[in-house]
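Student:
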Amino acid sequence: MSSQGAYSATRIRGLSVRDIRFPTSLKSDGSDAIHTDPDYSCTYVVLYTDTNFKGFGLSFTIGRGNELVVEAVKSLSYLVVGKNLSDIYDDFAATWRSLTSESQLRWVGPEKGVVHLGVAALVNALWDLWARIQHKPLWKLLVDMEPEQLVSTIDFRYIEDVLTREEAVQMLNEMQKGKEAREERMLNRGYPAYTTGAGWLGYSQERTQTLLKQYLSQGWTHFKIKVGQNLEDDKRRCQLVRDIIGEDKTLMVDANQKWNVNEAIDWMKELAPYKPLWIEEPTSPDDVLGHAAIAKALNPLGIGVATGEVCQNRVIFKQMLQAGAMQYCQIDACRVGGVNEVLSIYLMAKKFKVPVCPHAGGVGLCEMVQHLQIWDYISVSGTSKDRIVEHADQLSEHFKTPIKIIRCHYLAPKVPGYSVEMWEKTLMEYEYPYGSEWNKMFTEGKFLDPRTRPPPYVEHRAKADITLR
Ligand SMILES: C[C@H](O)[C@@H](O)CC(=O)C(=O)O
Ligand SMILES: [Mg+2]
């Protein structure tokens, strides 16, 4: 898989980046205690080469602010456009570092926030392109790489104190045996999933009830609901879930960063009788020691701490793992800087014996994390024990190769790439604010057209010039 052959002379000749948004807030899909009205969105990148191959990648956001990520991608684009693919993939870790450590852009990060979401969209598109050129789904590209080559894509800066290249290679070497059988299992049986589909906080009791019954009848065994707005309401909702799913099925709860540390402990002690497996994002995603304190207080009650969907980079994951602050590591395909950084987090989690249970849902997250978790099963952990991938059945219809859920398992995808190419129709309808669906919704008064709204700021420039003179 070196530059000799398939892509040695191929060049990235251009890139497009689009602001795609879906009006999910209209039905409270995706709502939680903090994000009460998300419009699931993505910054959608297409890489064009001077051959027929293209690369498709995205970063997930929840509406306003997606335009900032689009701008971040534009600012970073000069680092990939015009490059030969061999320049990019022969030392992918160096390419990744050139994006995350661009000498001026890094000041508005570094390796966090808007600029890192932009990196993720670009990097995910680069991996998609690589997998397409090799005619493999991304998980298979990862699985077939020699351990040394896979590890060579990772930037170990800031994590070498807990994981060296040599250790990472050794971990992968140790798992070579049995890979074929595990691959067969992923193709035939798939990877276990849980559903968040019934648990959005803005849903009425009736809607939650109906959906829970529906998922239960489809065979789902693990259910996640949102908590954190009102304790009495949470108790009522947890009881409602238990009444429907019974004691033998699993409940998880998610507070989306709502609480202070002590508040989280007190609140969860009240919810302990409903036997949640984990409390997800109990407090600020940056508060490593706070998570550790919560874990220490709640682990004896049988409740683990799960976090990661908003962990900004591998350094925060490293510290969470070092501090015993997470019992479930929730990687996200776009929050950190794309596949390269995610791989390093899986390997650190393996070292600390913490199971990875990816965050999914959103736009395209299910499509992407299935590849990562299937690679983990085949090449890293070798097991799905204590592990499960999130599933929320929204928006998959916008992708050309959507996830396949069979018997509540993600079936390993077979089509080359990272599974996030969208239909042209979707792009025409949901590009914001120009798409036909958005124009219809503006006309119907469902949303304000940002183009007709004066910017809510005052232009100070002219005034300042006069004052200065
Ligand atoms: C705003 C998002 O929908 C968030 O609530 C998703 C999430 O926390 C999860 O799926 O977990
Ligand atoms: Mg969550």
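Quick note: the sequence shown uses the working numbering, first residue 1170, plus one each step. Cβ atoms here follow ideal geometry from the backbone N, Cα and C, with glycine treated the same way. If you're wondering where the values come from, they're calculated on a predicted model, not measured in any experiment.
Quick check on Arg1620: does DSSP put it in helix, strand or coil?
Tutor: The answer is helix: DSSP assigns Arg1620 an H, G or I state.
Student: Can you tell me the Cα-Cα spacing of Ser1171 and Phe1325, whole angstroms?
Tutor: Caution applies to Ser1171, whose pLDDT of 48 falls short of 50 and renders its modelled position unreliable; the model cannot decide the point.
Student: Quick one: is the Cβ of Asp1423 within less than 7 Å of any heavy atom of ligand 2?
Tutor: Yes, the Cβ of Asp1423 comes within 7 Å of a heavy atom of ligand 2.
Student: Should Asp1206 be counted as a contact of ligand 1 given a C-beta to heavy atom distance under 7 Å?
Tutor: No, the beta carbon of Asp1206 sits no closer than 7 Å to any heavy atom of ligand 1.
Student: Of the choices Asp1456, Pro1619 and Val1214, whose alpha-carbon is the least far from that of Val1430?
Tutor: When each option's Cα is compared against that of Val1430, the closest is Asp1456.
Student: Measuring alpha carbon to alpha carbon, tell me which of Arg1411, Ile1413, Glu1449 and Glu1439 ends up nearest Gln1426.
Tutor: Ranking the options by Cα distance to Gln1426, first place goes to Glu1449.
Student: What I want to know is whether the C-beta of Asp1562 ends up closer than 7 Å to one or more non-hydrogen atoms of ligand 1.
Tutor: Answer for Asp1562: no, Cβ out of range of ligand 1.
Student: Secondary structure at Arg1182, three-state DSSP: helix, strand or coil?
Tutor: Correct three-state label for Arg1182: strand.
Student: For His1560, write down the residues that DSSP places opposite it in a beta bridge.
Tutor: Per DSSP, Thr1364.
Student: Looking at Met1437: is its Cβ nearer than 8 Å to the Cβ of Ile1413?
Tutor: No, Cβ-Cβ distance for Met1437 and Ile1413 is not below 8 Å.
Student: Between the segment 1180-1200 and the segment 1210-1221, do three or more beta carbon pairs fall short of 8 Å?
Tutor: With the cut-off at 8 Å, the segment 1180-1200 and the segment 1210-1221 touch.
Student: Can you grab the Cα-Cα spacing for the pair Val1320 / Lys1520, in whole Å?
Tutor: Each residue's Cα considered, the two are about 15 Å apart.
Student: Verify whether the separation of the beta carbon atoms of Trp1428 and Gly1199 is less than 8 Å.
Tutor: It is not a contact, given that the beta carbons lie outside the stated cut-off.
Student: Thinking Pro1207 and Ile1231 are a contact (beta carbons under 8 Å), I'd like their distance in whole angstroms, please.
Tutor: Correct: roughly 4 Å between the Cβ atoms.
Student: Can you round the beta-carbon distance between Val1589 and Phe1229 to whole angstroms, since I take them to be within the 8 Å contact cut?
Tutor: Contact doesn't hold; Cβ gap of about 10 Å is too wide.
Student: Count the other CB atoms within 10 Å of the CB of Arg1190; is the residue buried (16 or more) or exposed (fewer)?
Tutor: Its Cβ being crowded by 16 or more others within 10 Å, Arg1190 is buried.
Student: Tell me whether the segment 1508-1523 and the segment 1334-1342 touch, counting them as touching only if at least three CB pairs, one residue from each stretch, are closer than 8 Å.
Tutor: They touch, by the three-pair rule.
Student: Would you say His1528 touches ligand 2, meaning its beta carbon is less than 7 Å from a heavy atom?
Tutor: Checking the Cβ of His1528 against ligand 2 gives yes.
Student: Can you find a heavy atom of ligand 1 that lies under 7 Å from the Cβ of Asp1201?
Tutor: At least one heavy atom of ligand 1 is nearer than 7 Å to the Cβ of Asp1201, so yes.
Student: Quick one: is the Cβ of Glu1478 within less than 7 Å of any heavy atom of ligand 2?
Tutor: Yes, the beta carbon of Glu1478 sits closer than 7 Å to at least one heavy atom of ligand 2.
Student: Alpha carbon to alpha carbon, what distance is there between Arg1556 and Pro1361?
Tutor: Each residue's Cα considered, the two are about 8 Å apart.
Student: Between the C-alpha atoms of Leu1248 and Tyr1603, what's the straight-line distance to the nearest angstrom?
Tutor: Roughly 28 Å between the two C-alpha positions.
Student: What number of angstroms, rounded off, separates the C-alpha of Ile1635 from the C-alpha of Pro1625?
Tutor: A caution first: Ile1635 carries a pLDDT of 48, below 50, which makes its placement in the model unreliable, though a value can still be read off. Distance between the alpha carbons of Ile1635 and Pro1625: 22 Å.
Student: Counting contacts by CB-CB distance shorter than 8 Å, is Thr1230 in contact with chain D?
Tutor: This model lacks chain D altogether, as it is built from one protein chain only.
Student: Can you list, in chain order, the residues of its chain with a C-beta nearer than 8 Å to that of Lys1305? Leave out the 5 residues immediately preceding and following it.
Tutor: So the qualifying residues of the chain are Asp1313 and Pro1585.
Student: If you follow the alpha helix (DSSP H) that Phe1261 is in, where does it begin and where does it stop?
Tutor: Segment Phe1261 to Thr1269, the alpha helix (DSSP H) holding Phe1261.
Student: For Leu1446 and Leu1470, I'd like the C-alpha separation in whole angstroms.
Tutor: Their backbone Cα atoms lie some 10 Å apart in a straight line.
Student: In three-state terms, what does DSSP make of Phe1486?
Tutor: Of the three classes helix, strand and coil, the one that applies to Phe1486 here is helix, per DSSP.
Student: Have a look at His1528, Val1238, Gly1533 and Arg1483 and flag the residue whose alpha-carbon is nearest the alpha-carbon of Thr1476.
Tutor: Answer by Cα proximity: His1528.
Student: Give the C-beta separation of Pro1451 and Ala1466 to the nearest angstrom, bearing in mind that I take them to be a contact with Cβ-Cβ under 8 Å.
Tutor: Rounded, the Cβ-Cβ distance is 10 Å, inconsistent with contact.
Student: Mind checking whether the beta-carbon of Thr1365 lies closer than 7 Å to any heavy atom of ligand 1?
Tutor: It does: the Cβ of Thr1365 is within 7 Å (strictly closer) of some heavy atom of ligand 1.
Student: Could you check whether the Cβ of Glu1449 sits closer than 7 Å to any heavy atom belonging to ligand 2?
Tutor: Checking the Cβ of Glu1449 against ligand 2 gives yes.
Student: So, under 8 Å CB-CB, Thr1218 and Thr1179 are touching, yes? Tell me the CB distance rounded to an integer number of Å.
Tutor: Thr1218 to Thr1179, Cβ: 5 Å. Contact.
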